[in-house]
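Under my numbering, the first residue of the sequence shown is numbered 178, with each subsequent residue one higher.
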Amino acid sequence: MGGDEWAGTGPYRPNLTEALRRAQEQELARDDRGFPGRHIADLWGDGDWREFILTGGTGTVLDFYALLDPRADDDFAMVRPLTDSEVRRWAPDGRPTRAQWEAALGTTSLPYPDRGIGHCTVLYQDGEPAHVGYWGRTAD
C-alpha cells in the first residue's frame, strides 16, 4: 500500500476547519520543514512544498490542504472527519476519549486511510470536547 501511518492530536475548536488550521499553525511553529515564515495556504501554492508532500510528506496535519465534509468521499491531501456512525463502531457512546481512539487506531474498526489521505474526530475528556485526533498515511 505504501506510505507511513501516523497519528497526532490538535486543539479542539467547534469549527473543525479552524481546529485543523490551528493544529497546522502549531506544527509549523514547531518545525517549518525548511519553509520558514509561511502559512499553510501559501505553502500549498508552492510547487516545492507540493513535491515535498508527494515524495515523503511530514506525517502530520501539514500533509492536508483542506477539510472535507464527513459525508464526502476521501480525497488526496484532504482530511475527512468521521461520521457519527463511523465513530460509534469503536466508541459506542459517540464521545470517544483519547484512550479509546488510541486503542482503536489501526484496527478494523478504525483503520488508517489510503496514501495521502487523513481522517479526524473530536476527542472528549470528562464528557467535554478536548482535542481533535488526526491520523493518516503519507503520500510517498
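Even glycine gets a Cβ: it sits at the ideal position worked out from N, Cα and C.
Quantities reported herein were computed from a predicted structural model and do not represent experimental measurements.
Query	Result
Sequence ranges, alpha helix (DSSP H) only - wholly within the segment 189-230, length at least 4	193-207, 217-221
Euclidean distance between Cα positions of G271 and S286	14 Å
Burial state of E195, where buried means 16 or more other Cβ atoms lie within 10 Å	exposed
Close Cβ partners of E204 (< 7 Å) along its chain, the five nearest in sequence each way excluded	T237, V238, L239
Exposed unless 16 or more other CB atoms sit within 10 angstroms - verdict on R248	exposed
Local Cβ density within 10 Å of T298, reported as buried at 16 or more and exposed below that	buried
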